[in-house]
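Here's the structure, in structure tokens; my notes come after.
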Amino acid sequence: MAERSAEVVIVGGGIAGMSTAYYLAKSGVPSIVVERDAIGSHASGFAYGGLSPLSGFGIPGPMADIAQDGMRLHRELSKSLLEETGIDVDFRVRSSLALAFTESEVRRLQLALPWQQAQPGYTVRWLHIADARRVEPRISDETLGATFTEGGGAVEPYRLVLALTRAAESLGVSVRHGRAIGLRRDGGRVTGVVLEREVLSCATAVLAIGPWSAEASDWIGVPIDVRPLKGQIIRLQAPGLPVECSVGWGHNYATTKTDGLLWAGTTEEEAGFDEESTDAARDEIGAALIKMLPAMADAQVAQQTACLRPVASDGLLVLGGVPGLDQVYVATGGARKGILYGPPMGHAIADLVLGRKTRVALDAFAPGRFAAVRK
């Protein structure tokens, strides 16, 4: 079996892997990124790209700080990547309306308000329907109220991954096609990443393989309890003016993106590794869209996509060093907010590799935590 060598090998060319490669390279450490398909060819390339740091699982809670760090880094990257590569990642500040149709949904949204309103850099208000209609006149008559958030944003995920890749390559990173099947180890030290046809010798390995992360459990001797959660999105030719803000209800959302299409989603499907789009999902998303924005009943589906998001069994990120193995790191578990979390995940892994203090605490995300649960 042929061998090549590098100081750092990163397995996975999605948002987490390419962010890691980029931040390492910015500090003078080039790496080899191994991707079995194509850069950004799975969830990172088909995601909605919404950046909403004030809501979601673990917010407020263990995910809040890294979510805020994600927003800061996205702002920085939108400028630095344009300068370094000429690629506009279409970062923009975008307001959002979270709709409530029942009294219980009103209570749930209003309970979150005090914490959200205390976060610097954001304006969060509760709006009754008349005021919400001033933001987006087409919301449903059934709306009881909405949380209006200013300060969140959006980005084009595939452009972001492409820009990170181009910038990293200009700094000496090598991206290659291949499928990792294991690690070569010398006691508690990694010495290489084993591919199907060769071994990449290295002193540091980063495993950023998204929903396939559980496959690495046997490589590292530690269980990584991550599964795929399928999500589908439809893009529509919609009547009328663009939907400028992001309109949401529960796990559903809709907004007009820079391609001029109205993007609506998303499903949450336990479907294993099936990445095929389905009519059932199209109908489910369409029904939610019309509930939020009845005027979209005549919108025509232009494209439908599906992808697999990595979700840990406890819903938190899996981010940090592997216990018992020196210089082996895992970065996965971004779930529905993987684009927001990708840059801070990559920055944190780069800091760990370089022996620096991370910008946010990683204790809650320790890759070894699942071993204790299984005992």
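For the sequence shown, my numbering assigns the number 28 to the initial residue and increments by one for each residue that follows. Backbone N, C-alpha and C fix where the C-beta goes; we use that ideal spot for every residue, glycine too. Remember, predicted model here, so these are calculated numbers, not experimental data.
Taken in chain order, the whole beta strand (DSSP E) runs of length 3 or more contained in the stretch 56–144 are 59–62, 123–127.
Here M319 is not near W290, since their CB atoms are 7 angstroms or more apart.
When secondary structure is reduced to three states using DSSP, G292 falls in the strand class. Taking C-beta separations shorter than 6 angstroms and ignoring five residues to either side along the sequence, the partners of N279 in its chain run A315, following chain order.
In this chain, the beta strand (DSSP E) harbouring K257 covers 253–264. Unbroken beta strand (DSSP E) runs of no fewer than 3 residues, entirely contained in the stretch 197–254, are found at 201–204, 207–213, 216–222, 225–228, 231–234, following chain order. Ranked by how close their Cα comes to the Cα of L100, the residues R254, P371, E295, I156 have P371 in first place.
Our two residues, L189 and E130, have alpha carbons roughly 43 angstroms apart in a direct line. Within its own chain, the residues whose Cβ lies closer than 8 angstroms to the Cβ of L381, once the five positions on either side in sequence are excluded, are L51, S54, V56, listed in chain order. The C-alpha of D325 is placed about 18 angstroms away from the C-alpha of D168. Taking each of G113, V328, V220, Q354 in turn and checking the Cα distance to L263, the smallest one comes out for V328.
With a 10 Å radius around the Cβ and a threshold of 16 neighbouring Cβ atoms, T150 comes out exposed.
With at least 16 other beta carbons inside 10 angstroms of its own, G237 counts as buried.
Beta bridge pairing from DSSP links I37 with V60, V233. Note on geometry: alpha-carbon atoms of V120 and A91 lie some 19 angstroms from one another. Contact fails between the stretch 348–357 and the stretch 70–80, because fewer than three Cβ pairs, one in each stretch, are under 8 angstroms apart. With a 10 Å radius around the Cβ and a threshold of 16 neighbouring Cβ atoms, T231 comes out buried. By the beta-carbon neighbour count (other beta carbons within 10 angstroms, threshold 16), E183 is buried. Here A235 is near G39, since their CB atoms are less than 7 angstroms apart.
About 25 angstroms separates the CB atoms of S123 and G67; that is not less than 8 angstroms, and the two are not in contact.
Rounded to whole angstroms, L367 and P164 show a C-alpha spacing of 28 angstroms. Nearest to V387 by C-alpha distance, out of V116, A173, A94, E242, is A94.
With a threshold of 16 other beta carbon atoms within 10 Å, K106 falls short and is exposed.
The bridge partners DSSP lists for R336 are L256. Approximately 5 angstroms separates the beta-carbon atoms of T47 and V233; this is inside 8 angstroms, confirming the contact. Where L346 is concerned, the enclosing beta strand (DSSP E) starts and stops at 345–348. Straight-line spacing of the CA atoms in P89 and P250 works out to 21 angstroms. DSSP places V357 in the strand class (E or B) of the three-state scheme. Contact check for A339 against V226 fails: the beta carbons are separated by 7 angstroms or more. Rounded to whole angstroms, P269 and A393 show a C-alpha spacing of 42 angstroms. Assigned with DSSP and collapsed to three states, G313 falls in helix. Closest in C-alpha terms to G113, from the list P337, L187, K384, E296, comes L187.
Taking all protein chains in view, the Cβ of I208 is surrounded by fewer than 16 other Cβ atoms within 10 Å, so the residue is classified as exposed.
Across the structure, R211 and S201 are spaced so that their CA atoms are roughly 20 angstroms apart. For G275, the enclosing beta strand (DSSP E) begins and ends at 273–276.
Your pair A125 and G361 does not check out as a contact, with CB atoms roughly 21 angstroms apart and the cut at 8 angstroms.
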